[in-house]
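Structure first, commentary second.
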Amino acid sequence: MKQLTWLLKWTLRAAIFFALLAFALNNQLPVTVHIFFGLDWTAPLVLVLLIAFTLGLSAGVVAMLPRWLKQRRRARLARQQTAAAAHSELALSTPQPPHES
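In the working numbering, each residue carries its 1-based index in the sequence shown increased by 5.
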């Protein structure tokens, strides 16, 4: 079963790779990107799309980073509190030897 899963994974990866390769080969025509103040940049369409995708992905990660860090901090505090509660509960439940006077 593991062999079949491994084979299916690699088949899917190869299909995605070849689809992206075909996309890149079909979009090699130069395009002009008009930037502010009359600046122009001419590059292949696939390169422009790759840069736009990378910039969008980076903006999304930067926008989500504070929330991710906050959630990690909350999870760490919750784990510490759970561990402390379990430790104190364990200390209370262990029998104490009787005191002799």
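Heads up, the beta-carbon is just placed ideally off N, CA and C, and yes, glycines get one too. Since the structure is predicted, the reported quantities are computational estimates derived from the model, not experimental observations.
T10 and F22 have their C-alpha atoms some 18 Å from each other. Following the DSSP letters along the chain, one finds Q33 in no alpha helix (DSSP H), marked with neither H nor E. The way I'd put it, the region 40–52 doesn't touch the region 67–82; fewer than three beta-carbon pairs between them come closer than 8 Å.
Looking at the backbone, the Cα of F41 and that of F58 are separated by about 20 Å. Note: T47 is bridge-paired with T37 in the DSSP secondary-structure output. In terms of Cβ geometry, A27 and V36 do not form a close pair [threshold 8 Å].
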